[in-house]
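What follows is a set of notes on a single structure, which appears directly below.
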Amino acid sequence: MMNSMNNVEFLNELVNSKFNVVKTEIINAEQMSFIVDSRDVHTLLTLLKTSGWKQLSYLSAIDWIKEDEFELVYIVFNWDRPVHIQVRTRIKRDRENASFETIIPIYPGAKYYEREVHEFFGIKFPGNPDFHKQLILENWDDMPPLLKDFDPRAYSDSHFEKRDYPEKHINLNNQESKQEKRQKRNLKSLLLRNGGKK
Amino acid sequence: MRQMKLFLGPQHPGMHGNASVHIYAEGDIIKRSYLLPGMLHRGFEKGMERHTWMNNIGLIPRVCVVEPDINEMAFAMGVEMLANIEVPERAHYLRMVILELARISIHLMSYGGLGGPTGLYTLMYHAHADRNRILNIFEKITGHRVYHMYIVPGGVRKDFPVGIENDIHEFLNDLESRYTEYRDLGIENPTVLARIKDNIMLPESVVWELGVTGVGMRSAVNKPYDLRKVKPYARYSEVEFDVPVYDYSDARNRVDIKLNELVQSIGIIRQCLEKMPTGPVRAKVGNGQSMRWTVPKGQVYSCVESSRGEFGYYIVSDGGTHPYRVGVRGASYPQGLLGIEKYMPGTRIDDAPLWIDTMGVCSPEIDR
Numbered sequence: 001m002m003n004s005m006n007n008v009e010f011l012n013e014l015v016n017s018k019f020n021v022v023k024t025e026i027i028n029a030e031q032m033s034f035i036v037d038s039r040d041v042h043t044l045l046t047l048l049k050t051s052g053w054k055q056l057s058y059l060s061a062i063d064w065i066k067e068d069e070f071e072l073v074y075i076v077f078n079w080d081r082p083v084h085i086q087v088r089t090r091i092k093r094d095r096e097n098a099s100f101e102t103i104i105p106i107y108p109g110a111k112y113y114e115r116e117v118h119e120f121f122g123i124k125f126p127g128n129p130d131f132h133k134q135l136i137l138e139n140w141d142d143m144p145p146l147l148k149d150f151d152p153r154a155y156s157d158s159h160f161e162k163r164d165y166p167e168k169h170i171n172l173n174n175q176e177s178k179q180e181k182r183q184k185r186n187l188k189s190l191l192l193r194n195g196g197k198k
Numbered sequence: 199m200r201q202m203k204l205f206l207g208p209q210h211p212g213m214h215g216n217a218s219v220h221i222y223a224e225g226d227i228i229k230r231s232y233l234l235p236g237m238l239h240r241g242f243e244k245g246m247e248r249h250t251w252m253n254n255i256g257l258i259p260r261v262c263v264v265e266p267d268i269n270e271m272a273f274a275m276g277v278e279m280l281a282n283i284e285v286p287e288r289a290h291y292l293r294m295v296i297l298e299l300a301r302i303s304i305h306l307m308s309y310g311g312l313g314g315p316t317g318l319y320t321l322m323y324h325a326h327a328d329r330n331r332i333l334n335i336f337e338k339i340t341g342h343r344v345y346h347m348y349i350v351p352g353g354v355r356k357d358f359p360v361g362i363e364n365d366i367h368e369f370l371n372d373l374e375s376r377y378t379e380y381r382d383l384g385i386e387n388p389t390v391l392a393r394i395k396d397n398i399m400l401p402e403s404v405v406w407e408l409g410v411t412g413v414g415m416r417s418a419v420n421k422p423y424d425l426r427k428v429k430p431y432a433r434y435s436e437v438e439f440d441v442p443v444y445d446y447s448d449a450r451n452r453v454d455i456k457l458n459e460l461v462q463s464i465g466i467i468r469q470c471l472e473k474m475p476t477g478p479v480r481a482k483v484g485n486g487q488s489m490r491w492t493v494p495k496g497q498v499y500s501c502v503e504s505s506r507g508e509f510g511y512y513i514v515s516d517g518g519t520h521p522y523r524v525g526v527r528g529a530s531y532p533q534g535l536l537g538i539e540k541y542m543p544g545t546r547i548d549d550a551p552l553w554i555d556t557m558g559v560c561s562p563e564i565d566r
C-alpha cells in the first residue's frame, strides 16, 4: 500500500515538471489543486488521465463577479492512488460569449455536467453536441440562475402573482408579529452584551 | 417497425422519484431513451449561497430524499476541512452508526424496490416494514424520521439517548435472523432470478467511460473500490469490514452486493457500539455564535460513500458568513443521465424499471 503523502508529492513533481502551474495547493494528503492557465487544461487532464486519474468526479463553475471571471473546476480521482485533484482555471466573465472547449474526448462523462454548467452559468462548450439543450430548467426565461447577479426574489416577484393575505392573518388582534418580537429581543440582548451602549 | 414514444414516469409504479424517462420503442425493445430531470429542481445550490453555514444544515438533507445523512456528512466534512475543526472522538462513532443505519435502510428500500418491477410485492412490504424500524430508531435518536439534521459541522447535534443501544442491537439481531429469508424471497427466487440473471449488463469499459461509482463499479471491476476503504473518513479505518466485489456485472450481482453490504453494515454498527469512547460529541464552532460564524477562505471537495457511490460536495468559501458556492455531485449523475441515454437502448421496456433500480438512480440528487 502506497503512502498517501507520497501520492501528493508524486503528483506535485509530475505536474510541475511539465506544466507552468500558476498555483499548487495541497489541501491534505488526499486532495490537492492545480490552478492553471486555461490553455493548459486539456493537456493537463490528458496527462492525469493517462497517469491513472481515470474518473471525472465533478465539473462545475464558480462566478467570481468582483474579479469579472468564471472559474471552471474539474475534479478527477484515481482509485488506486486515492487523491482527488482539482484542476481549476479562470476565463473571462462574458455573459454572452463565455466559452470553453469541451473535455468530452478526454472524459466522455463530462457531457451532462457541461450541459448543466451551460444552463446555470451560461458558459458555452463548443465540441459538446448538446450543450445548448435545456436539461433541468424548463422554459427558463431569465439570466442563468447561478450567476451572482441573479436575484431569486426579484425573479419570483416578477413572475408570480403577489398574494394578498387578509389583514387578520397578518396582524392578529393588533399584536406584534413574531418577527417584531424577535427583533426587539435581539436588540435588547445586543444592548445587554454591549453594556448598554448601542 | 413503427417507433412508438412512451413515457416512463414521473408517475409510474416502476419509476424511482420524480423524473421521467422518454422511451422510443420498436416492439418492446427500447431504441432510444433519455432522462428528463427537472421536476424536482428546488434550486438548492442557489439557496445554499443565501443561507449561513449553520442554516444550511436544514437545507442539505433534502438534496437526496431517501438517504439524507450522507449529505450532512459530506457537507460537515467539507466545512470541517475548511475551518480546521477537530471532531471529538465519540462523534465519529456516532456518525458512523447513523450512516450505516442509513445504508441498511436504503439498501432495504432498494432491494424492496426490486419487488415492484418483478411483480413480487411481498418483498417490498417486508423490506419497508424493516426500514420502518430503522426510522423508529432514528426518531428516538434525532427526533426526526427522515430528515435528521443530526450531523453538523463540529460533531453531532446531541448524544445518543440512554438505552438506544438495546434497540439497535435488537433490530440488528432480528434483521440478521431474517437475512436468509430475504435472500430466498428475492434473488434466490426463480421467478425473480429469471429476470435479473445475465440481464442489464454493465461492462467495465462502460464504468470507466461514464464514471460510475459505488455498487455498479465494484460489481464490474472486481476491486474493493469503496471510499470507506480507499480514503477512510470518520473512523472507518478502525473497524473491520469487507467490500463485496464481482467481476461480472449483471443485475443479479449488483443486488447481491447490496445484500452483502447489508451484512457488513450490521458488523460495522456492532463494532462501533462496542468501541465507542465516552466524551463530548460536538466541538464548539465560532465562539458559540454559530449564526455569525465565518469560515476561512478556500475551496474543498469532500466526499463520502453513499449506497450509490461517491457522493460529494464542492464547497467554496470567500471568508464570509455564507458559503460562496456549494456544488453537489450526485452519486447517480453519470448513470442516470449519460447512462440512460447511451446504454439503456437495447433493453426491453419491462426491464427499464429494473435498469433504473439496480443501477441506483436517484432523481432528487440529479435535480438538486
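From first to last, the protein sequence lines are chains A and B.
Going letter by letter, the first sequence gives residues 1 to 198 in this note's numbering.
Going letter by letter, the second sequence gives residues 199 to 566 in this note's numbering.
C-beta: ideal position from N, C-alpha, C; glycine also.
Could you tell me which chain A residues have their CB closer than 9 Å to the CB of residue i, listed as they occur along the chain?
i: B:Arg553; result: The residue you asked about is not Arg; residue 553 of chain B is Trp in the sequence shown. The premise fails here: B:Trp553 is roughly 17 Å from chain A at the closest Cβ pair, so nothing lies under 9 Å.
i: B:Met279; result: Ile27, Asn28 and Gln31
i: B:Lys244; result: Phe120, Pro145, Leu146, Phe150 and Pro152
What in chain B is Cβ-close to residue i, meaning under 9 Å?
i: A:Ile229; result: With chain A represented from 1 up to 198, any question about residue 229 of chain A goes unanswered, as that position is not in the structure.
i: A:Gln86; result: Gln497, Val498, Tyr499 and Tyr512
i: A:Ser99; result: By Cβ distance, chain B contributes nothing, its closest Cβ being about 20 Å from A:Ser99, past 9 Å.
i: A:Lys205; result: Because chain A spans 1 through 198 in this model, residue 205 of chain A falls outside it and cannot be assessed.
i: A:Val21; result: Neighbours of A:Val21 on chain B: none; closest Cβ ~16 Å, over 9 Å.
Quick one: list the residues of chain B neighbouring residue i, beta-carbon separation under 8 Å, in chain order.
i: A:Leu137; result: Gly236 and His239
i: A:Lys54; result: Trp406
Can you list, in chain order, the residues of its chain with a C-beta nearer than 6 Å to that of residue i? Leave out the 5 residues immediately preceding and following it.
i: B:Gly313; result: Tyr319, Leu321 and Met322
i: B:Asp365; result: Ile335
i: B:Asn330; result: none
i: A:Ile65; result: Lys148
i: B:Glu157; result: Absent from the structure is residue 157 of chain B, since the part of chain B shown begins at 199 and ends at 566.
List, in chain order, every chain A residue whose beta-carbon is nearer than 8 Å to that of residue i.
i: B:Leu536; result: Pro108, Gly109, Lys111 and Tyr112
i: B:Gly409; result: Gln55, Leu56, Ser57, Tyr107 and Gly109
Within a Cβ cutoff of 7 Å, which residues of the same chain sit near residue i, ignoring the five residues on either side of it in sequence?
i: A:Lys36; result: Checking the sequence shown, residue 36 of chain A turns out to be Val, not Lys. Phe19, Val21, Val22, Leu44, Val87 and Thr89.
i: B:Ala325; result: Leu306, Met307, Tyr309 and Gly310
i: B:Arg468; result: Leu370
i: B:Asn451; result: Ser417 and Tyr444
i: B:Arg230; result: Tyr222 and Pro543
i: A:Ser51; result: Leu14
i: B:Thr411; result: Gly507, Glu508 and Ala529
i: B:Tyr345; result: Pro259, Arg260 and Pro266
Report yes if the C-beta of residue i is less than 7 Å from at least one heavy atom of the ligand SAH; otherwise report no.
i: B:Ile538; result: Judged by which ligands are present, the structure shown has none, so any question about the ligand SAH falls away.
If I measure Cβ to Cβ from residue i and keep anything under 8 Å in the same chain, skipping five residues before and after, which residues do I get?
i: B:Asp548; result: Asp226 and Pro315
i: B:Glu563; result: Val261, Cys262, Phe509, Val526, Gly528, Ala529, Ser530 and Tyr531
i: B:Pro401; result: Ala418 and Ser447
i: B:Leu234; result: Ala217, Ser218, Val219 and His220
i: A:Met1; result: Residue confidence for A:Met1 is low, a pLDDT of 44 falling below 50, so the modelled location carries little weight and cannot support an answer.
i: B:His520; result: Glu247, Arg248, His249, Thr250 and Trp251
i: B:Gly517; result: Thr492, Val493, Pro494 and Lys495
i: B:Val350; result: Met252, Ile255, Glu270, Ala274 and Arg480
According to the Cβ coordinates, are residue i and residue j closer than 8 Å?
i: B:Ala300; j: B:Asp328; result: no
i: B:Ala432; j: B:His290; result: yes
i: B:Lys421; j: A:Pro82; result: no
i: A:Ile85; j: A:Phe34; result: yes
i: A:Gln55; j: B:Gly409; result: yes
i: B:Ile362; j: B:Val413; result: no
i: B:Val479; j: B:Arg343; result: no
i: B:Val304; j: B:Leu373; result: Note on residue identity: the sequence assigns Ile, not Val, to residue 304 of chain B. Not in contact: B:Ile304 and B:Leu373 (Cβ atoms no closer than 8 Å).
i: B:Ala449; j: B:Ile538; result: no
Rounded to the nearest angstrom, how far is the Cβ of residue i from that of residue j, given a contact under 8 Å?
i: A:Phe121; j: A:Leu146; result: 6 Å
i: B:Met252; j: B:Glu224; result: Between B:Glu224 and B:Met252 the Cβ distance is about 54 Å, and since that is not below 8 Å, they are no contact.
i: B:Val295; j: B:Leu471; result: 7 Å
i: B:Val559; j: B:Gln533; result: 6 Å
i: A:Phe77; j: A:Ser57; result: 5 Å
i: A:Ile136; j: A:Glu116; result: 7 Å
i: A:Glu69; j: A:Arg93; result: 5 Å
What does residue i reach in chain C if we use C-beta pairs closer than 8 Å?
i: B:Glu508; result: Structure shown: chain C not included; protein chains present are A and B.
List, in order along the chain, the chain B residues whose C-beta lies closer than 7 Å to that of residue i?
i: A:Pro82; result: Val428 and Lys429
i: A:Ser60; result: Tyr512 and Gly525
i: A:Val73; result: Tyr512
Show which residues of chain A have a CB atom less than 7 Å away from the CB atom of residue i.
i: B:Asp565; result: Ile136
i: B:Pro532; result: Gly109
i: B:Tyr423; result: Trp79
Would the region 490–506 of chain B count as touching the region 276–296 of chain B if we require 3 or more Cβ pairs under 8 Å? yes
With contact counted as at least three CB pairs below 8 Å, one residue from each stretch, are the region 373–393 of chain B and the region 505–522 of chain B in contact? no
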